[in-house]
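Right under this line is the structure:
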């Protein structure tokens, strides 16, 4: 019989799952450790960006205050107003020109202004410090006329001079007549070259960094306009602009009003972490940014160390689990070997039992049609008793279809056998196989899905015995009926005898003669009537069971008869 029980070793799967669980735990621990380490660097970088941004904003605010402070010294200054009135007079006042030049020269030397223009009320340049033929920018002329109307100190934001194509800022200070306070005499234009101080200050990062940068932007229409030269792109001041619709750009988000730490992209499209905030009192927005890759670079350096550590731990766990698994596998295989030996012995015993059973045993495989209806069954194996009972050789039966083996269209009991396989409930029946001219009892069980076994026993002799028994029983019943009739007649005779006996007993007891009834062969007294008892003076018990010659009275009579 072919083995169908294929045992599997679950130990390997269990140890594999244990290894996977431990490896997953180590990986999870390493991942969270790395994430924590990474977050630590992220927080440190954010604090750095925030500190630098706050420092830069405060310094820019202070810078603008200082520039306004410079203007305050000149605004409504009687000395400046007097000298300007004299300079703008009809006479060419050389002394006033000289003194005003000395005043304004101090601003170009000590206060970081690269040039000072003195304009009269008509916007005509009456003096420049230092003295050069360089014309004033058209932007300044327009703003000067506005300042003359407003009579207020104004800071001109970044602009490009059309004459030298350079970028400047400017401080415009109205010169108010000290006599007639409502009449402006002209405008002082203190021009600032941002490349001398402002740009270097903005671009300076207080610590070494390969990607960090500070920049300022302002809103111009629907764009964010970059105001300073950038670290990774040249010629950007007042040239580079980004549409406000591109909200991924950190500079755009700053212009749109976001504050604090954000994550986005810079003008290169590189992912950055930035601190964005407005510069109070100005149209500027400051962006202090650092490439995201640089922020996490120290963590990435630690990542390899962590990967090596995690890999070593996983390898150690794998080696440990492998060692234990190998030990368990060896033990399992030893047990399997013992089990296999026991199974072979058990199978041998089973085979011996199978082959030596008095009953014929056949193992079958059910065959179904496309609709799942049983249509035939194949004989997988039979024992020797099957051949003895059925007369079919074992070699012929094994592997044959029932429809072919029994020479019929539809195999016997195929529906019933199908029900046994389906319900797994045993089925017993007795049948007569006409090809073999024998009676069989058949027990059917289904040991596994799609298979069933039949146990056949030749009951032909038993059937004959049962038939003979039934015949004898019928004869016995007829004899019994006749006997009952005889017994009924006997009862009637006994009833008549009983009546006669009653009558005789009454006569026997009522007789006035002494009567003894003796056994003819032994002479033992069987019965005595009452008159005899009274006549001789013996009790009823003294008569019964005694021989007559043993009784006293009769003994004397018998002795006398012997004497004579």
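Residue numbers (my numbering): 6 to 569.
Beta carbons: idealized from backbone N, C-alpha and C, even for Gly.
No experiment lies behind these values; they were computed from the predicted model shown.
Residue i (DSSP reduced to helix, strand or coil)
i, result
"residue 519", "coil"
"residue 1", "In this structure the chain extends from 6 to 569, so residue 1 is not present and cannot be described."
"residue 168", "coil"
"residue 409", "helix"
"residue 11", "For residue 11, the predicted structure reports a pLDDT of 43, less than 50, and the residue's modelled location is therefore unreliable. The matter cannot be settled from this model."
"residue 161", "strand"
"residue 387", "strand"
"residue 373", "strand"
"residue 363", "coil"
"residue 136", "coil"
"residue 454", "coil"
"residue 467", "helix"
"residue 312", "helix"
"residue 131", "strand"
"residue 568", "Caution is warranted here: a pLDDT of 45 is assigned to residue 568, below 50, making its placement in the model unreliable, and no coordinate value can be reported."
"residue 350", "helix"
"residue 120", "strand"
"residue 50", "helix"
"residue 524", "coil"
"residue 6", "Here residue 6 scores only 42 on pLDDT, less than 50, and its place in the model is too uncertain to base an answer on."
"residue 141", "coil"
"residue 303", "helix"
"residue 423", "helix"
"residue 186", "coil"
"residue 571", "Since the first and last residues shown for the chain are 6 and 569, residue 571 lies out of range."
"residue 575", "Because the chain spans 6 through 569 in this model, residue 575 falls outside it and cannot be assessed."
"residue 155", "helix"
"residue 418", "coil"
"residue 396", "coil"
"residue 19", "helix"
"residue 24", "helix"
Range of the contiguous alpha helix (DSSP H) that encloses residue i
i, result
"residue 547", "545-548"
"residue 400", "399-402"
Residues bridged to residue i [DSSP beta-bridge criterion]
i, result
"residue 443", "438"
"residue 552", "529"
"residue 382", "371"
"residue 191", "125, 180"
"residue 449", "432, 459"
"residue 269", "277"
"residue 173", "164"
Extent of the continuous beta strand (DSSP E) run through residue i
i, result
"residue 283", "276-283"
"residue 295", "290-296"
"residue 263", "Looking at the DSSP string, residue 263 is not in any beta strand (DSSP E), and its letter there is neither H nor E."
"residue 538", "Looking at the DSSP string, residue 538 is not in any beta strand (DSSP E); the run it does join, the alpha helix (DSSP H), is 535-541."
Any non-hydrogen atom of the ligand ZN closer than 6 Å to residue i Cβ
i, result
"residue 409", "For the ligand ZN, the structure offers nothing, since it holds no ligand at all."
Test: residue i CB closer than 7 Å to a CB of chain C
i, result
"residue 518", "No chain C appears in this structure, which consists of one protein chain only."
Where are the alpha helix (DSSP H) runs, 4 residues long or more, that stay fully inside the segment 53-93, in chain order? The segment 53-93 contains these whole alpha helix (DSSP H) runs: 83-92.
Report yes or no: do three or more beta-carbon pairs, one from the segment 303-318 and one from the segment 85-96, lie closer than 8 Å? With the cut-off at 8 Å, the segment 303-318 and the segment 85-96 do not touch.
Contiguous beta strand (DSSP E) assignments of at least 3 residues, all confined to the segment 229-257: Runs of the beta strand (DSSP E) lying entirely within the segment 229-257, each at least 3 residues long, are 246-248 in chain order.
Do three or more CB pairs link the segment 290-298 to the segment 261-281 at distances below 8 Å? Output reads yes: the segment 261-281 touches the segment 290-298.
Evaluate contact between the segment 380-394 and the segment 362-369, counting only Cβ atoms and requiring at least three cross-stretch pairs below 8 Å. Result yes; three or more Cβ-Cβ pairs closer than 8 Å.
Meets three-Cβ-pair contact criterion under 8 Å: the segment 339-358 and the segment 367-380: Between the segment 339-358 and the segment 367-380 there are fewer than three inter-stretch CB-CB distances shorter than 8 Å, so the stretches are not counted as touching.
Is there contact here, the segment 146-157 with the segment 41-50, by at least three beta-carbon pairs under 8 Å? Fewer than three beta-carbon pairs drawn from the segment 146-157 and the segment 41-50 are found closer than 8 Å, and the two stretches are therefore not classed as touching.
Assess contact between the segment 66-75 and the segment 92-102, defined as three or more Cβ pairs (one per stretch) separated by less than 8 Å. Is contact present? No: fewer than three Cβ pairs fall under 8 Å.
Spell out a yes or no on whether the segment 248-259 and the segment 278-291 are touching, meaning 3 or more CB-CB pairs, one atom from each, closer than 8 Å. Because the criterion of three Cβ pairs below 8 Å is met, the segment 248-259 and the segment 278-291 touch.
Kindly confirm or deny that the segment 177-193 and the segment 121-130 touch, where touching means at least three C-beta pairs closer than 8 Å. The segment 177-193 vs the segment 121-130: in contact.
With a threshold of 8 Å, are at least 3 pairs of Cβ atoms found where one atom belongs to the segment 104-120 and the other to the segment 158-166? At 8 Å Cβ cutoff, the stretches do not touch.
Considering only residues of the segment 196-233, which uninterrupted alpha helix (DSSP H) runs meet the minimum length of 4 residues and lie entirely inside it, listed in chain order? As far as the segment 196-233 is concerned, its whole alpha helix (DSSP H) runs of at least 4 residues are 203-208.
The segment 284-294 touching the segment 217-227, judged by at least three CB pairs closer than 8 Å: Touching, per the Cβ criterion.
Given 8 Å, three or more beta-carbon pairs between the segment 228-247 and the segment 315-329: Too few Cβ pairs lie closer than 8 Å, so no.
The segment 443-451 / the segment 426-434 touching (three or more Cβ pairs under 8 Å): Touching, yes, given that three or more Cβ pairs across the two stretches are closer than 8 Å.
Between the segment 517-525 and the segment 534-543, do at least 3 Cβ pairs fall closer than 8 Å? Flag = yes, the segment 517-525 and the segment 534-543 touch.
Between the segment 73-86 and the segment 169-187, do at least 3 Cβ pairs fall closer than 8 Å? Touching, yes, given that three or more Cβ pairs across the two stretches are closer than 8 Å.
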